[in-house]
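Here the structure is laid out as structure tokens; the discussion comes afterwards.
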Amino acid sequence: MGNRLNILLIDDEPLMRMTVQDALESEGYRVSVVETGQKGLALLRKDPFDILITDLKLPDLDGLQILKEVKMTHPEIQVILITAYGSIDSAVTAMKEGASDYLTKPFSMDELLLIIQRLVRIKQLEEENLRLKEKMEERYGLEGLIGKSPQMQKIYDLIETISQTDTTVLIQGESGTGKEMVANAIHFRSLRKNGPFVKVNCSALPETLLETELFGHEKGAFTGALRQRKGRFELAHEGTLFLDEVGEVSPAVQVKLLRVLQERQFERVGGNETISVNVRLICATQKDLKEEIQKGSFREDLYYRLNVVPISLPPLRERREDILLLTEHFIKKFSKKMGKEVSGISEEAQNLLLKYPFPGNIRELENMIERAIALLKGRIIQVEDLPEELYGQQPIIQEICKKIQEPRPLAQAVNLFEKEYIQSILQKTKGKKGQAAEILGISRKTLWEKIKELEIEI
Ligand SMILES: Nc1ncnc2c1ncn2[C@@H]1O[C@H](COP(=O)(O)OP(=O)(O)OP(=O)(O)O)[C@@H](O)[C@H]1O
Ligand SMILES: [Mg+2]
């Protein structure tokens, strides 16, 4: 609602109509005037108005009646009532019925203008609020986790609940789905947030190293152990220990882990002293641990100890509504980081992203956008800025297959396919046969022959 507000005035006094119209028009508002309630209502049904000013006493209708009708049919229209001097009761009734304000006769044009300016301001604030709220809802996320899909909303709820407890959490999900981010979110929302957050990637270390890394060692425990060293469990005391890729842990270390979980106690490698720790454990794995149990490579008892609260992160392809939200987030992130002005991504490119299955999940999308922005010349990410596998020939082939899906002899289907495919490549090259032949891997002569034989139109 800018200055070009549409205002309707209903008043039976010609002088009043003229004065108000002049005053409001000279402020830049668009004003329509009518002299009866019926005409006013007819106009309200036809044209959009922001504000209605009406006299309470009209020859044909009661101003209150008009107010009620307008509030029912167009609740967004602000109504200002003009009452006669001394009729304070009707003014109160009017406000109760939803009038935005009232004026008592006689009133000055300044009074009227002040009321209108106030209404405009309120409306602007309301609109601004709504925009902000929409933005917040759209951006709904937690500790940097982006996503508004129902699956992610459930995960946010779960994170909020369990971060208030000390239970062990097992996060499962494909590569790049955000397991580490969720672990971070749990720690930094928990009561332990001021304590240490220690991470260990179990797949990065060979068995013996992992053991000393987790539990520490005493001086002389093995050749080269010149000093006593504290392990990650000890370092995480009063905080959180995040064991990433826990599915990779060897059977020997699994036994030790089980003991810590049961007794909250352990000994350093090569030592006898029993050490007690107060640690919250969060584990993550890409592997299906149930399958590993069946294969005999993961202890069932340990699994149940770790899986007190399971969080299963959905792959990106199962929550497509988050793809563009994440894309926008990464565009902002990387354009800022690289100091480039990027205003967005073309619709065509968006459609490609929406169709792509993202085997590498959010990390893959993130890398894609980072690369696109690094190489970007313009301001908008286009299809060509995305990796080729997104716009390779796959979609064309699928489309053609759809066209010829009716059952028919193979030779006929092959011919049809050939025709459609060559035609689509010719379209892509805008009829340039040299280029088309190159893409198709055939000579120009062969292409010509095919065009004739298959009756391809160019
Ligand atoms: N919901 C999300 N919102 C924003 N960024 C995300 C989200 N989920 C993941 N990411 C980003 O995607 C990348 C991968 O996330 P993360 O490392 O947490 O995944 P992961 O499941 O641990 O992957 P991997 O199994 O490969 O270790 C990170 O750069 C992270 O910042
Ligand atoms: Mg990870």
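Be aware that the sequence shown starts at 1454, since it is given in this note's numbering, and climbs by one per residue. Every residue gets a Cβ at the ideal spot worked out from N, C-alpha and C, and that includes glycine. All values reported here derive from a predicted model rather than from experimental measurement.
1) How would you call L1461, buried or exposed, if buried means at least 16 neighbouring beta carbons within 10 angstroms?
2) Could you name the residues of the same chain whose beta carbon sits closer than 6 Å to that of D1697, not counting the 5 residues immediately before and after it, in chain order?
3) According to DSSP, S1485 sits in a beta bridge with which residue or residues?
4) So, is R1685 buried or exposed, given that buried needs 16 or more other C-beta atoms within 10 angstroms?
5) Can you find at least 3 beta carbon pairs, one from the region 1786-1805 and one from the region 1592-1609, that sit closer than 8 Å?
6) Given a cut-off of 8 Å on the beta-carbon distance, is the pair L1777 and I1815 in contact?
7) State buried or exposed for L1583, treating a residue as buried only when at least 16 other CB atoms are found within 10 Å of its CB.
8) Which runs of the alpha helix (DSSP H) at least 4 residues long sit entirely within the region 1693-1763? Give them in chain order.
9) Quick check on this structure: which residue in L1667, S1628, F1695 has the alpha carbon closest to the alpha carbon of F1641?
10) Taking I1535 as the reference, give the member of S1703, P1559, E1579, H1527 with the closest Cα.
11) Give the straight-line distance between the Cα atoms of P1649 and L1711, rounded to the nearest whole angstrom.
12) Indicate whether S1799 and I1834 have their beta-carbon atoms separated by less than 8 Å.
13) Tell me where the beta strand (DSSP E) around L1534 begins and ends.
14) Starting from the C-beta of L1468, find all residues in its chain whose C-beta is less than 6 Å away, skip the five residues before and the five after it, and write them out in chain order.
15) Using the DSSP secondary-structure output, state which residues sit across from D1833 in a beta bridge.
16) Are Q1474 and I1504 touching if we call contact CB-CB under 8 Å?
17) Under three-state DSSP, which class holds G1669?
18) Enumerate in chain order the residues of its own chain whose CB-to-CB distance from A1537 is below 8 Å, with the five nearest sequence positions on each side excluded.
19) Return helix, strand or coil for G1626, following the three-state DSSP convention.
20) What is the chain-ordered set of residues for which the beta carbon lies under 7 Å from any non-hydrogen atom of ligand 2?
21) Classify E1906 as buried or exposed, calling it buried when 16 or more other Cβ atoms lie within 10 Å of its own Cβ.
22) Looking at the structure shown, is D1619 part of a helix, part of a strand, or coil, going by DSSP?
23) Could you pull out every residue in the same chain whose Cβ sits closer than 7 Å to the Cβ of I1639, ignoring the five residues on either side in sequence?
24) What is the C-beta distance between R1682 and H1690, in whole angstroms, given that I count them as a contact (C-beta under 8 Å)?
Answer, in terms of the structure:
1) L1461 comes out buried.
2) N1654, A1737.
3) Partner(s): L1461.
4) Taking all protein chains in view, the Cβ of R1685 is crowded by 16 or more other Cβ atoms within 10 Å, so the residue is classified as buried.
5) The region 1592-1609 and the region 1786-1805 do not touch, with fewer than three beta-carbon pairs separated by less than 8 Å.
6) For the pair L1777 and I1815, the CB atoms are not nearer than the 8 Å cut-off.
7) Per the 10 Å Cβ criterion, exposed.
8) DSSP runs (the alpha helix (DSSP H)) wholly in the region 1693-1763: 1704-1716, 1742-1748, 1753-1759.
9) Residue nearest to F1641 within the set L1667, S1628, F1695 is F1695 (criterion: CA-CA distance).
10) Taking only the C-alpha atoms, the option nearest I1535 is P1559.
11) Distance between the alpha carbons of P1649 and L1711 is about 22 Å.
12) Contact flag set, yes.
13) DSSP places L1534 in the uninterrupted beta strand (DSSP E) bounded by 1531-1536.
14) Sequence-distant partners of L1468 (beyond 5 residues in either direction) whose C-beta falls short of 6 Å from its own C-beta are missing from its chain.
15) Position check: residue 1833 holds Ile in this sequence, whereas Asp was assumed. Here I1833 is bridged, per DSSP, to G1797.
16) Note that the C-beta distance between Q1474 and I1504 is not below 8 Å.
17) Of the three classes helix, strand and coil, the one that applies to G1669 here is strand, per DSSP.
18) Around A1537: L1509, K1510, T1557, K1558.
19) Annotated three-state conformation of G1626 is strand, per DSSP.
20) Qualifying residues come out as K1632, E1633, D1697, A1737.
21) Label assigned to E1906: exposed.
22) D1619 falls in the coil class under three-state DSSP.
23) Correct list, in chain order: I1612, I1615, S1616, V1622, I1735.
24) Taking a contact as a CB-CB distance under 8 Å, the pair R1682 and H1690 does not count as one, their CB atoms being some 15 Å apart.
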